[in-house]
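Read through the structure below, which is laid out as structure tokens, and then see the notes.
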Amino acid sequence: MINKPAGYLSAMTDDRGRKTLSDLIAGKIQERVFHVGRLDQGTSGLLILTNDGELAHLVSHPASEIEKAYLVKIRGKLDDIQLQAIRDGITLEDGFTTSPARVSIARSDRDTTTLRLILHEGHKREIREMFKALGKSVVSLVRVSIGGLDISIVPRPGEIKKLGKKEIDLIKQGSKRKNQGR
């Protein structure tokens, strides 16, 4: 598990010389690993690195419905209709309709609102596109949990932790597929 800082690609290499996950794990992880899912370059937070294909499939497959929670800071405020649109699912510019999400207001000040958003899918730039469809821009985006694992296990950007059986079991317990015996 890594707390990916903003400014890094969710990739192991980049032909354009941008900072990647390899730069963060060099000298820290000896095994060959790959990332499960992705966070765009401007997003920070939890990202699973693994060499376990079964775990990767479980976490990334939409049917597993493993929850991923985010703190999303936006410019401005959302009204009740916009909050309900997130809860119901939003049709994005590319025609994709998001699954219903759970959303709550974590903080609000004069200029910005921070929301806690819980999803179980991962369409490319989905969160940023959701808020764009609502006429809002995302100031910052942090993935704070995957399944039962919280960012507190790797609180500092760039920090890495090898997950033990207990942590992997927490992730698996969050899977709808696992809980239904599939």
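In full-length UniProt numbering, the protein residues as written are 1 to 182.
The beta-carbon is built from N, C-alpha and C at its ideal position, and this holds for glycine as well.
Here the structure is a predicted model, which means the values were calculated and not measured.
Proximal residues to residue i (C-beta, below 7 Å), its chain only, five neighbours per side dropped
i: Leu-39; result: Lys-4, Ser-10, Gly-45, Leu-47, Arg-143
i: Gly-148; result: Leu-170, Ile-171, Gln-173, Gly-174
i: Lys-28; result: Ile-160
i: Ile-105; result: Thr-113, Leu-115
Residues bridged to residue i (per DSSP)
i: Ile-151; result: According to DSSP, Ile-151 bridges with nothing at all.
i: Leu-92; result: Its beta-bridge partners do not exist; DSSP assigns none.
i: Val-138; result: Ile-74
i: Ala-69; result: Ile-118, Ser-145
i: Ser-44; result: Val-142
Rounded C-alpha distance that separates residue i from residue j
i: Gln-30; j: Glu-167; result: 20 Å
i: Thr-113; j: Gly-17; result: 34 Å
i: Glu-126; j: Thr-98; result: 8 Å
i: Thr-43; j: Val-139; result: 10 Å
i: Gln-41; j: Leu-141; result: 11 Å
i: Lys-162; j: Asp-88; result: 36 Å
i: Ser-64; j: Ala-56; result: 11 Å
Whole-Å CB distance - residue i paired with residue j, under 8 Å assumed
i: His-35; j: Leu-49; result: 6 Å
i: residue 183; j: His-120; result: Residue 183 lies beyond the stretch modelled for the chain, which goes from 1 to 182, so this question has no answer here.
i: Ile-66; j: Val-59; result: 6 Å
i: Leu-117; j: Ala-101; result: 6 Å
CB of residue i within 8 Å of CB of residue j, strictly
i: Ile-86; j: Met-130; result: yes
i: Val-103; j: Ile-2; result: no
Heavy atom of the ligand ATP within 7 Å of residue i beta-carbon
i: Ser-137; result: The ligand ATP is not part of this structure, which contains no ligands at all.
Cβ shell of residue i (< 6 Å), same chain only, five flanking positions each side left out
i: Asp-14; result: Thr-20
i: Arg-128; result: Val-138
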